[in-house]
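See structure below.
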Amino acid sequence: MVVFGLWVINKAGGLVYQRNFTDGLAQLTSNEYLVLAGTLHGIHAITSRLSPTGPSSGAQVIEGESFKLTILLTVTGTKFVLLTPLVGTAAESTLQKVYEIYSDTVMKNPFHTPEMPIRIDGFDSRITALLGSGQS
Amino acid sequence: MTIYSLYIFDRHCACVYYHDWHRTKQTRPAMEGGLLKAVSRAVAPRQVDSGTTAAPSTFSSPRNTLVSTTGAVVAIGEDPSAGTAPPTATVRPGVNTLTFDEEAKLVYGVILSLRNMIKKLSGRDEHFTSFRTSTYKLHLYETLSGYKFIMLSDPSTDGLRFVLRQIYSGPFVDYVARNPLVPMDSREQGIDNEYFRASVDRMVRGLSVFA
Numbered sequence: 001m002v003v004f005g006l007w008v009i010n011k012a013g014g015l016v017y018q019r020n021f022t023d024g025l026a027q028l029t030s031n032e033y034l035v036l037a038g039t040l041h042g043i044h045a046i047t048s049r050l051s052p053t054g055p056s057s058g059a060q061v062i063e064g065e066s067f068k069l070t071i072l073l074t075v076t077g078t079k080f081v082l083l084t085p086l087v088g089t090a091a092e093s094t095l096q097k098v099y100e101i102y103s104d105t106v107m108k109n110p111f112h113t114p115e116m117p118i119r120i121d122g123f124d125s126r127i128t129a130l131l132g133s134g135q136s
Numbered sequence: 001m002t003i004y005s006l007y008i009f010d011r012h013c014a015c016v017y018y019h020d021w022h023r024t025k026q027t028r029p030a031m032e033g034g035l036l037k038a039v040s041r042a043v044a045p046r047q048v049d050s051g052t053t054a055a056p057s058t059f060s061s062p063r064n065t066l067v068s069t070t071g072a073v074v075a076i077g078e079d080p081s082a083g084t085a086p087p088t089a090t091v092r093p094g095v096n097t098l099t100f101d102e103e104a105k106l107v108y109g110v111i112l113s114l115r116n117m118i119k120k121l122s123g124r125d126e127h128f129t130s131f132r133t134s135t136y137k138l139h140l141y142e143t144l145s146g147y148k149f150i151m152l153s154d155p156s157t158d159g160l161r162f163v164l165r166q167i168y169s170g171p172f173v174d175y176v177a178r179n180p181l182v183p184m185d186s187r188e189q190g191i192d193n194e195y196f197r198a199s200v201d202r203m204v205r206g207l208s209v210f211a
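Quick mapping for you: the protein sequence lines, in order, are chains H and P. Numbering of the first sequence is given in the UniProt record's numbering, commencing with residue 1 and proceeding in unit increments. Numbering of the second sequence is given in the UniProt record's numbering, commencing with residue 1 and proceeding in unit increments.
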């Protein structure tokens, strides 16, 4: 499965992990990624209010013409965002596996401060095993 | 499978047309001054016709040259809930629901932000096309002249941009762009008129996803 990138956004809208895998999208600076993550956090909250019928979740999939963002919101408010091509349906299950890895290697790590950027080798290597290596 | 609503925004960020079908959660009518004239009678600010009947209020409205409450066209295509009578059958929205002008601003803000985000991420001139939540899916089609056609549908529908494009190339061009009574880009008035509304209504009701 081709994956362009993975983001982890904390419950305050800060980008705590960002990694590119396959080329295909623009190379942005880390500052630009931070801005985009914050924007996405806000949009996600608004989209749940625009529902024309009963209560709605926030945006789950956002599509452009050649790629899409699949968003997994955990019950604790952390968002996992996967950037993939339009074709392919494995994005949701991949995000579940990423969440599992995050729980195992980040949340159980006593040296990690919650809501802070993730700099943990175990997380990096298991994500690499799942999604393939890329430029960090 | 269903279609909930259609918004059209012009290039000045103003909502110029609104139409809804199977929407169960209604907004409150727009605040006075929050919405252009001739966008949709269903959501227009409601204070003129509160004590009196609908006829004098539409007569005093400056769009009475375009829209009249009588005539055959209202009968064939007009959604009853979008007509002159306020939607009394549905549950009256509570005070914590959005007014229509607030909702229109949120819709515009979301699509504008997502459009910029997609453009930035792709690094090309790529368009944002749709997003999906657990209860609805929003589709966007933007014309070269800056009009944005936005449709909300069931989350399981495929892309509906072709429908929005058909609305643009069919009813919109015929009854708005070629209509000398519709001031486009006026910043003062929407584009609602009974031919356009009836034609859009017929087109959407004829879709296979409309049920």
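All C-beta atoms in this analysis are idealised placements derived from N, C-alpha and C, irrespective of residue type, glycine included.
Against chain H, does residue i count as a neighbour if the rule is that its beta carbon must be under 7 Å from one of theirs?
| i | result |
| --- | --- |
| E142/P | no |
| P87/P | Low confidence applies to P87/P: its pLDDT is 45, below 50, so where it sits in the model is not reliable enough to give any reading. |
| S156/P | no |
| T2/P | no |
| G170/P | no |
| D79/P | Only weak support is given to the placement of D79/P: the predicted model assigns it a pLDDT of 48, under 50, and the value that follows is read from those uncertain coordinates. No, its Cβ sits nowhere closer than 7 Å to a Cβ of chain H. |
| L106/P | yes |
| R28/P | no |
In terms of residue numbering, what span does the alpha helix (DSSP H) encompassing residue i cover?
| i | result |
| --- | --- |
| K79/H | Run containing K79/H: none in the alpha helix (DSSP H); it sits in the beta strand (DSSP E), K79 to P85. |
| Y102/H | A91 to Y102 |
| R126/H | D121 to L131 |
| Y108/P | F100 to S122 |
So, does the CB of residue i fall closer than 7 Å to a CB anywhere in chain P?
| i | result |
| --- | --- |
| I118/H | no |
| A59/H | yes |
| E115/H | no |
| P52/H | yes |
| A45/H | no |
| E65/H | yes |
What residue does the beta strand (DSSP E) around residue i start on, and which one ends it?
| i | result |
| --- | --- |
| F149/P | K148 to S153 |
| K137/P | K137 to E142 |
For residue i versus residue j, is the C-beta distance shorter than 7 Å?
| i | j | result |
| --- | --- | --- |
| L34/H | L15/H | yes |
| S134/P | S57/H | yes |
| R41/H | G13/H | Sequence inspection shows His at residue 41/H; the Arg mentioned does not correspond to that position. Against a cut-off of 7 Å, the Cβ pair of G13/H and H41/H comes out as a contact. |
| M1/P | V209/P | yes |
| T99/P | R28/P | yes |
| L6/P | Q189/P | no |
Can you tell me which residues form a DSSP beta bridge with residue i?
| i | result |
| --- | --- |
| I191/P | I191/P pairs with nothing; no bridge assigned. |
| G64/H | F128/P |
Below 6 Å, is the gap between the Cβ of residue i and the nearest heavy atom of the ligand NAP?
| i | result |
| --- | --- |
| R41/P | This structure lacks the ligand NAP, and indeed carries no ligand of any kind. |
Is it true that the region 1-16 of chain H meets the region 72-85 of chain H, where meeting means three or more beta-carbon pairs spaced less than 8 Å apart?
-> yes
At a cut of 8 Å, does the region 181-201 of chain P reach the region 11-29 of chain P through at least three beta carbon pairs?
-> yes
Determine contact between the region 69-80 of chain H and the region 147-154 of chain P, defined as no fewer than three beta-carbon pairs at a distance below 8 Å.
-> Taking a cut-off of 8 Å for Cβ pairs, the region 69-80 of chain H and the region 147-154 of chain P do not touch, as fewer than three such pairs fall below it.
Would you check if the region 102-112 of chain H and the region 170-183 of chain P touch, i.e. whether three or more CB-CB distances between them fall below 8 Å?
-> no
Does the region 128-142 of chain P come within contact of the region 109-124 of chain H, defined as at least 3 CB pairs closer than 8 Å?
-> no
Is the region 16-25 of chain P in contact with the region 37-55 of chain H, if contact means three or more CB pairs nearer than 8 Å?
-> With the rule of 3 Cβ pairs closer than 8 Å, the region 16-25 of chain P counts as touching the region 37-55 of chain H.
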